[in-house]
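Accompanying notes for the structure given below.
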Amino acid sequence: MYRAFAVVSTLALTLCSALAHTTALDDEAASLAQEFVGRLQPQLKQAMEEGGPGMAIEVCSHQAPLIADTLSAESGWIIKRVSLKSRNASRAVPDQWERAVLEDFDRRAAAGESPVTIHYSETTPSHYRHLQAQGAEGLCLMCHGKDLAPTVNEALELYYPDDMATGYTAGQVRGAISLTKSISR
Ligand code: HEC
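FYI, the numbering for the sequence shown is -20 to -1, 1 to 165, going by mature numbering (1 follows the signal peptide of the UniProt record, and there is no 0).
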């Protein structure tokens, strides 16, 4: 009887510490995802105001990869953006795990869940991985929607000849911020 109780309480403790561990990493991933958006969006908005979407695409082509790399170096995480329909063919093509999660995100959004709340994380013996969905909304559709302005099409052809990231409508999942951290137990 006592023995059974000891086993159960040890199990509970182990589970609790595993949960606490995951929650801390979840929080860290969520705040890094927010930080990424917080660094990129003002640059995008400013470029749009100063030179329209054509210039914003040029600025984004430099700044988005730079922000991802800087934030990765600062945090020790691997931070990138991925999509089932990538714009940046050299950075945004998902690996197998990311692809499966993104496909699930599409199903969740189609079932009515808001992309803002759609995220998923998984812990393996060596890594913690987290994907935070990014939804297509008003501003995004100027560069990711249907019937794009001629200046947008021109800039996309110039900077992203392999672009697949158009044709979205509001509420769809445009892609996700992917955050990976090595863990040793
Ligand atoms: C001014 C045009 C423009 C607007 C507006 C814009 N994007 Fe993009 N988006 C881009 C460009 C250019 C890239 C490629 C950046 C790179 O090379 O990393 C990109 C890449 C992305 C990616 C990375 C995956 C990929 O396909 O390369 C995601 C996710 C994304 N955009 C989501 C959004 C969301 C969500 C919004 C609205 C909040 C938005 N974008 C608004 C131009 C734009």
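Think of the CB as a built atom: it goes at the ideal place given N, C-alpha and C, for glycine as much as any other residue.
Computed from a predicted structure; not experimentally measured.
With distances taken from CA atoms, which of 32, 134 and 20 is nearest residue 48?
Indexing the sequence shown from 1 puts residue 48 at position 68. Of the listed residues, the one whose Cα sits closest to residue 48 is 20.
Please list the segments of the beta strand (DSSP E) lying wholly inside the segment 82 to 136, counting only runs of 3 or more residues, in order along the chain.
99 to 103 and 107 to 115
Tell me the residue span of the beta strand (DSSP E) that contains residue 164.
What you label residue 164 is simply residue 184 of the sequence shown in a count that begins at 1. Element bounds for residue 164: n/a, residue is neither H nor E.
Among 148, 147 and 133, which one has its Cα closest to the Cα of residue 141?
Stepping through the sequence shown from its first residue, residue 141 is reached at position 161. The shortest Cα separation from residue 141 among 148, 147 and 133 belongs to 133.
Quick check on this structure: which residue in 53, 54 and 70 has the alpha carbon closest to the alpha carbon of residue 61?
The residue labelled residue 61 in the question sits at position 81 within the sequence shown. The residue with the shortest Cα to Cα distance from residue 61 is 70.
With DSSP collapsed to three states, give me the class of residue 174.
Nothing in the structure corresponds to residue 174, since the chain is present only between -20 and 165.
Candidates 11, 84 and 33: which alpha carbon is nearest residue 120's?
Start at 1 with the first residue of the sequence shown, and residue 120 comes out as number 140. Across the set 11, 84 and 33, the C-alpha of 33 shows the shortest separation from the C-alpha of residue 120.
Go ahead and label residue 76 buried or exposed: buried means 16 or more other beta carbons lie within 10 angstroms of its beta carbon, across all protein chains shown.
The residue labelled residue 76 in the question sits at position 96 within the sequence shown. Exposed, because fewer than 16 other Cβ atoms sit within 10 Å of the Cβ of residue 76.
State the Cα-Cα distance for the pair residue 144 and residue 156, rounded to the nearest angstrom.
As a first step, residue 144 must be located in the sequence shown, where it is residue number 164. As a first step, residue 156 must be located in the sequence shown, where it is residue number 176. Going by C-alpha positions, residue 144 is about 15 angstroms away from residue 156.
Flag this pair as yes or no: are the beta carbons of residue 6 and residue 162 separated by less than 7 angstroms?
Indexing the sequence shown from 1 puts residue 6 at position 26. Indexing the sequence shown from 1 puts residue 162 at position 182. No, they are not a contact pair.
State the Cα-Cα distance for the pair residue 137 and residue 164, rounded to the nearest angstrom.
Along the sequence shown, one-based indexing puts residue 137 at 157. Along the sequence shown, one-based indexing puts residue 164 at 184. Cα to Cα, residue 137 sits roughly 44 angstroms from residue 164.
Leaving aside the five residues before and after residue 52 along the sequence, list all residues of the same chain whose C-beta is less than 6 angstroms from its C-beta, in chain order.
Position 72 of the sequence shown, counting from 1, holds the residue named residue 52. So the qualifying residues of the chain are 58 and 59.
With 16 other CB atoms within 10 Å as the buried threshold, where does residue 96 fall?
Within the sequence shown, the letter at position 116 stands for residue 96. The C-beta of residue 96 has fewer than 16 other C-beta atoms within 10 Å across all chains shown, which makes the residue exposed.
According to DSSP, is residue 60 part of a helix, a strand, or is it coil?
As a working note, residue 60 is residue 80 in the sequence shown. In the structure shown, residue 60 sits in a strand (DSSP, three-state: E or B).
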